[in-house]
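K.L.:
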Amino acid sequence: MGFLGLNQNQYTEKGEIFMESGQSAAPSSLDIKVVRPRRSDNVVQPAGQGSVTPQPRRSFSDYNPFKSWVSWLVPLIVVANIVVFVVTMFVNDCPKNSGRCIGRFLGRFSFQPFKENLFLGPSSNTLEKMGALDVQRVIHQHQWWRLISCMWLHAGVFHVLANMLSLLFIGIRLEQEFGFVRIGILYVMSGFGGSLLSALFIQYGISVGASGALFGLLGSMLSELISNWTMYANKLAALLTLVFIIIINLAAGLLPHVDNFAHIGGFVSGFLFGFVFLIRPQFKWLTQRNAPPGLITTPVKSKHKTYQYVLWVLSLILLTVGYTLGLITLFRGVNLNDHCSWCQYMSCIPISKRSCKSQNVYCLSSQMGNQLNLTCVSNGRNGTYSLLDPSASRAQQLCAELCS
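For what it's worth, our numbering labels the leading residue of the sequence shown as 1180, then goes sequentially.
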């Protein structure tokens, strides 16, 4: 995943001229003169008195009225994801449940063969038991919690490393600027939005990963730039760079075995949440509020600008309506592919050996003990699976993978 580090301390606003009151003098007639007049730093001093060494003051460009936070939540999320992956591999126990494993010297932490998992990780059955997004279980068994639990699971070593490195680069900077509460809520809700959109389009198979939440943080960076537009220097360069990175990452979601619907859902959710949570007060309002006694500033009544309020209200309405309609549609068992024929291309590039059309898959099956044999009717491929819990939904998932 790409990353853009925006220095949010580089703000530009028109400076104000402050007048610092002079020292008190005797009640007799008093002459005053300007000592060392300079821009935005006029100091008055009684005539006839010795010069007073001015107090050192920071330049306007170094002034930063925003609180800087210590980032601890994002590193904690990274550690939690890694711990969950280790636990998943422990539960997987490849030598016990599979004939061949990669890295058998790792014992029960060894990986499934590449024909089952290209990312050096556990089996699909283990991920499903640990809480992967399974739409059929969400709808028919009311396991709604999978919409959240799936964002803490990863398909393999490559998957978890790529996501966690991206999270460190993006998340730490945002948490330092806006605090753990807002970034934590934004991360979880963006991941939930990505899972929701994925569940509405991908009816078979399982989905795992924190990519939806990561794209949410990326989307919030874009909305934060737009919302606090007047505070940034080099606005156009920052906007073009960020848009370029977003396009590259969304394009990578078109690759096989990548759930781009989760990316898009997380990005849109994070983009809207950014207008709600990452809004900055006007710079002049902060200057007026933090000005020391004796400084005269231009009065500013409104904490935020009008367009910031408008974006805040519109985003909150869109989020409320979107999440509500999405959940209602999901639990009614609606497949959005039936109502949007072109939406399939947002997560797939049609090639000769890969069809993007959403269709029901059929397999011939036979079972002996825990061994399940499947034959895809459409392409004739065969597969043998060792299942401890050979449920109908699990068999359908394996059939979908075999026919894809």
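All C-beta atoms in this analysis are idealised placements derived from N, C-alpha and C, irrespective of residue type, glycine included.
1) Is it right to say L1383 is buried, meaning 16 or more other beta carbons lie within 10 angstroms of its own, or is it exposed?
2) Excluding the 5 residues flanking L1255 on each side, which residues of the same chain have their C-beta closer than 8 Å to its C-beta?
3) Would you call the CB atoms of F1293 and F1337 closer than 7 Å?
4) Can you list, in chain order, the residues of its chain with a C-beta nearer than 8 Å to that of P1274? Leave out the 5 residues immediately preceding and following it.
5) In the DSSP assignment, what are the bridge partners of D1313?
6) For the beta strand (DSSP E) that contains G1278, what are its first and last residues?
7) In three-state terms, what does DSSP make of F1369?
8) Could you tell me whether the stretch 1408 to 1427 touches the stretch 1348 to 1357, using the rule of 3 or more Cβ pairs below 8 Å?
9) Would you please state the rounded distance, in angstroms, between the beta carbons of S1399 and F1440? I believe it to be under 8 Å.
10) Have a look at L1185 and N1276 and give me their C-alpha separation to the nearest angstrom.
11) Taking the alpha carbon of E1356 as the reference point, which residue from E1295, M1343, V1253 has its own alpha carbon closest?
12) Is there at least one Cβ from chain E nearer than 7 Å to N1413's Cβ?
13) Is it right to say G1310 is buried, meaning 16 or more other beta carbons lie within 10 angstroms of its own, or is it exposed?
14) Work out the CA separation of T1563 and C1555 for me, nearest whole Å.
15) Which residue's Cα is closest to the Cα of L1418: I1427, S1402, L1433, N1428?
16) Note down, in chain order, each residue of its chain lying with its Cβ closer than 8 Å to the Cβ of R1361, except the 5 sequence neighbours on either side.
17) Quick check: what's the CA-CA separation for I1327 versus A1389?
18) Checking the sheet assignment: what are the DSSP bridge partners for C1555?
19) How many angstroms separate the CA atom of K1484 from the CA atom of F1452?
20) In angstroms, rounded to a whole number, what distance separates the CA positions of H1518 and L1506?
21) Tell me the rounded alpha-carbon separation between V1257 and L1543.
22) Can you give me the start and stop residues for the alpha helix (DSSP H) that S1402 sits inside?
23) Counting only runs that start and end within the stretch 1285 to 1355, where is the beta strand (DSSP E) found for 3 or more residues in a row?
24) Secondary structure at N1514, three-state DSSP: helix, strand or coil?
25) Check for me: the beta strand (DSSP E) holding N1561 runs from which residue to which?
26) How about L1332 and L1365: do their beta carbons lie closer than 7 Å?
27) Quick check on this structure: which residue in M1410, V1262, G1372 has the alpha carbon closest to the alpha carbon of L1396?
28) Within 10 angstroms of the Cβ of F1264, are there 16 or more other Cβ atoms? Answer buried if so, exposed if not.
P.N.:
The answer reads as follows:
1) A small correction: the amino acid at residue 1383 is Tyr; Leu does not occupy that position in the sequence shown. It counts as buried.
2) A distance below 8 Å between beta-carbons, with the five flanking residues on each side excluded, links L1255 to no residue of its chain.
3) No. Outside cutoff.
4) Excluding sequence neighbours, P1274 sits near C1280, R1283, G1286, R1287, S1289.
5) Bridge partners of D1313: I1385.
6) Element bounds for G1278: n/a, residue is neither H nor E.
7) The sequence shown places Ser at residue 1369, rather than the Phe named in the question. Here S1369 sits in helix by DSSP.
8) The count of Cβ pairs closer than 8 Å, one atom from the stretch 1408 to 1427 and one from the stretch 1348 to 1357, stays below three, leaving the stretches out of contact.
9) Between the beta-carbon of S1399 and that of F1440 there is about 19 Å, and that puts the pair past the 8 Å contact cut.
10) With a pLDDT of 46 at L1185, under the threshold of 50, the modelled position of this residue cannot be trusted; read the value that follows with caution. Annotation: L1185 to N1276 spans about 47 Å, alpha carbon to alpha carbon.
11) Ranking E1295, M1343, V1253 by Cα distance to E1356 puts V1253 first.
12) Checking the listed chains, one finds no chain E in this structure; it contains a single protein chain.
13) The residue is buried, with at least 16 neighbouring Cβ atoms inside 10 Å.
14) Between C1555 and T1563, the C-alpha separation is close to 12 Å.
15) When only C-alpha atoms are compared, the closest one is S1402.
16) Cβ within range, chain order: F1456, L1457.
17) Straight-line measurement puts the Cα of A1389 at about 10 Å from the Cα of I1327.
18) Per DSSP, C1542.
19) Whole-angstrom Cα-Cα distance: 18 Å.
20) Answer to the nearest angstrom: the Cα atoms are 16 Å apart.
21) Using only the alpha carbons, I get a separation of about 42 Å.
22) Start and end: 1390 to 1406.
23) For the stretch 1285 to 1355, not a single whole beta strand (DSSP E) run of length 3 or above is found.
24) In this structure, N1514 counts as coil in the three-state DSSP scheme.
25) According to the DSSP assignment, N1561 belongs to the beta strand (DSSP E) that extends over 1561 to 1565.
26) It is not a contact, given that the beta carbons lie outside the stated cut-off.
27) The shortest Cα separation from L1396 among M1410, V1262, G1372 belongs to G1372.
28) F1264 is buried by the Cβ-count criterion.
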